[in-house]
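Notes follow the structure.
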Amino acid sequence: MYKKARSVLNARINVGYDYNVHFTRGVFSPGNPLLKKVVVSRELRRRHKVIFFVEKEIVLHHPLLPGRISAYCKRHSSAISLVAAPVVMAGGEDGKNFRLIEKMCRIMSDRHLCRQSFICIVGGGAFLDTVGFAASVVHRGIRQIRVPTTVLAQDDSGVGVKNGINLFGVKNFIGTFAPPFAVINDFNFLDTLEQRDWISGVAEAFKVAMIKDAEFFGWLCGSTAQLKRRNRPAMEKLVKRCAELHVMHIQNSGDPFEFGSARPLDFGHWSAHKLEMLSGGKLRHGEAVAIGLALDSYYALEKGLLYRKDFETLLLSLEKLGFALWSDLLLKKDRRGRYVIFSGIQEFREHLGGELHITLPNGLGRKTEVNELDEEILVEGIKYLKRRVEAG
Ligand SMILES: NC(=O)c1ccc[n+]([C@@H]2O[C@H](COP(=O)([O-])OP(=O)(O)OC[C@H]3O[C@@H](n4cnc5c(N)ncnc54)[C@H](O)[C@@H]3O)[C@@H](O)[C@H]2O)c1
Ligand SMILES: [Zn+2]
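The opening position of the sequence shown corresponds to residue 111 in this note's numbering, with each subsequent residue numbered one higher.
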């Protein structure tokens, strides 16, 4: 006799993730064992297939890089089986598209990569997002080692668990959650950044400091001159602390894959993402985030969540670093006379699942969440930023 079938089966799966974020210099110097150690860290005796995707812009600044990578792999051939010469492809915001994904998947297929192979990605945040997405869908996920090469990618985007590309005019419309196998932050790469890319990642440090670490905020405000004139130890300290706060958040928030709606690390981002897309990639992510932080901090000020002196200190510090806390796109209106920037709120709401969750500072180093935004206050905020930039 068959038992009566159950009407529900429960599957509860707990999977642990564990990855290290390393800090080093000269990751591809022949005598630096770090990358080799990372590759064999799970299966000591195994030789692994590895392919490198390197952002084109970096090769322009470091023409010897592909050769150095090949030489490194040859030297450590007991662990690394290099399946192809390093693949050099375009990065940047324009590269976050489907066309490049197909090309990348084709290369991974041609090289017969398996789920125990490694894809080592060397590039800025946009390139990591793009190759990372391709790597996460081929064979349902190939191990990825990220070597972020911008301040923003080292202190924020490259150390987390997300990737994505832009589609239908919406930032990161498709993407996956895919924790890296490891992240290797090599500070030497930062030397060749343009000044705007050296600075833009500092906006993410202000973001996380404002909502999580008042002491770090104080240090950032006191270090603007050093940071601006490219003081290496200051920037390395910033990258380490910001990455640490980011990783701690992913580890301890209880929601690394964002099943819920709260998104603290997206403070200042609803308008930043919209501005980036409206600018057609002209504004860097960090530059847009600086404007987004200024606007949402104005909102927090008006709601009594932030002291005026802290608000002023934030804006002054960002300005001293060279951020323009203004874009004419903030004034762009649609045919019905509505500010286009506000569609960023709707896109954020849709992404989150219907209900809006916006993180705001609640005093320095603490945060709160609101479920609606008063557009009248935001319009006042936009006017305030305009007056401020006009006053010079
Ligand atoms: N996945 C996430 O969780 C997450 C989080 C935050 C931001 N992001 C994404 O990250 C991207 C922004 O990253 P970004 O600020 O690194 O921008 P980016 O990748 O566009 O790089 C900025 C510029 O620097 C160049 N570059 C990169 N490394 C260089 C080097 N070492 N020397 C000289 N030039 C170099 C690039 O070619 C590009 O022109 C955005 O697409 C954003 O959406 C993702
Ligand atoms: Zn960001």
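Ideal Cβ positions, reconstructed from N, Cα and C, are used throughout, including at glycine.
Neighbour-count burial assignment, residue i, 16 or more Cβ in a 10 Å radius
i, result
"Gln305", "exposed"
"Ala115", "exposed"
"Lys442", "exposed"
"Glu167", "buried"
"Ala382", "buried"
"Tyr127", "exposed"
"Ala245", "buried"
"Cys224", "exposed"
"Arg209", "exposed"
"Leu154", "exposed"
"Lys184", "exposed"
"Glu165", "buried"
"Arg394", "buried"
"Phe377", "buried"
"Gln386", "First, the residue type needs correcting, since residue 386 is Glu and not Gln in the sequence shown. Classification of Glu386: buried, given that the 10 Å Cβ count is 16 or more."
"Lys392", "exposed"
"His186", "buried"
Range covered by the beta strand (DSSP E) that runs through residue i
i, result
"Thr469", "Ile468 to Pro471"
"Phe275", "Residue identity differs from the one stated: residue 275 is Ile in this sequence, not Phe. Unbroken beta strand (DSSP E) run through Ile275: Ile275 to Leu277."
Alpha helix (DSSP H) segment containing residue i, residue limits
i, result
"Arg342", "Arg342 to Asn362"
"Ile455", "Ser453 to Leu462"
"Val169", "Lys166 to His171"
"Thr259", "Careful: Thr259 lies outside any alpha helix (DSSP H) and carries neither H nor E."
"Ile179", "Leu175 to Arg185"
"His379", "His379 to Leu388"
"Val241", "Gly235 to Val247"
"Phe208", "Phe208 to Asp220"
"Asp376", "Where Asp376 is concerned, there is no enclosing alpha helix (DSSP H), given that its DSSP letter is neither H nor E."
"Ala335", "Thr334 to Lys338"
"Ile309", "Gln305 to Ser310"
"Lys419", "Arg418 to Leu431"
"Val149", "Leu144 to Val149"
Residues near residue i in its chain [Cβ-Cβ closer than 8 Å; skip 5 each side]
i, result
"Leu435", "Ala400, Ile401, Ala404, Leu425, Leu428, Glu429, Leu495, Arg498 and Val499"
"Ile309", "Val261, Leu337, Lys338, Gly396, Leu431, Gly432 and Phe433"
"Leu238", "Ile231, Arg256, Pro258, Ala263, Ser267, Gly268 and Asn273"
"Asn130", "Val148, Ala292 and Val293"
"Arg152", "none"
"Glu490", "Tyr408 and Glu412"
"Val150", "Arg156, His158 and Ala189"
"Gly285", "Asp239, Phe243, Lys272, Asn273, Gly274 and Ile275"
"Asp283", "Here residue 283 turns out to be Phe, not Asp, going by the sequence shown. Here the set comprises Gly274, Ile275, Asn276 and Leu277."
Check: residue i C-beta below 8 Å from any heavy atom of ligand 4
i, result
"Ile487", "Among the ligands in the structure shown, ligand 4 does not appear; only ligand 1 and ligand 2 can be found there."
Simplified DSSP assignment, three categories, for residue i
i, result
"Leu192", "strand"
"Lys317", "helix"
"Cys230", "strand"
"Glu203", "helix"
"Arg116", "coil"
"His158", "strand"
"Glu500", "helix"
"Asn298", "helix"
"Glu479", "strand"
"Lys443", "strand"
"His395", "helix"
"Ser324", "The residue you asked about is not Ser; residue 324 is Ala in the sequence shown. Ala324: helix per DSSP, three-state reduction."
"Thr286", "coil"
"Phe133", "strand"
"Val198", "strand"
"Phe369", "coil"
"Ala400", "helix"
"Arg225", "coil"
"Ala410", "helix"
"Val280", "strand"
"Tyr449", "strand"
Proximal residues to residue i (C-beta, below 6 Å), its chain only, five neighbours per side dropped
i, result
"Leu474", "Ala324, Phe327 and Asp420"
"Gly202", "Ala236"
"His249", "Arg225"
"Phe458", "Trp380"
"Gly233", "Glu165, Gly201 and Thr259"
"Ser191", "Arg157 and Lys159"
Supposed contact pair residue j and residue i - C-beta distance, whole angstroms, cut 8 Å
i, j, result
"His356", "Val318", "6 Å"
"Arg135", "Phe297", "5 Å"
"Leu416", "Pro471", "6 Å"
"Ile455", "Leu483", "6 Å"
"Gln254", "Gly270", "Actually they do not touch by this definition, with Cβ atoms about 12 Å apart."
"Phe163", "Val193", "Not quite, the Cβ-Cβ distance comes to about 12 Å (not below 8 Å), so this is no contact."
"Ala189", "Arg157", "6 Å"
"Asn295", "Phe133", "5 Å"
"Lys477", "Ile321", "4 Å"
Residue-chain proximity (residue i, chain C), Cβ-Cβ < 9 Å
i, result
"Ser180", "Given the protein chain composition of this structure (a single chain), no chain C is represented."
Beta-carbon proximity list for residue i, same chain, < 7 Å, skipping 5 on both sides
i, result
"Ala315", "Asp265, Leu330, Leu348 and Cys352"
"Asn142", "Thr134 and Gly136"
"Pro215", "The sequence given here has Cys at residue 215, not Pro. Correct list, in chain order: Ala244 and Val248."
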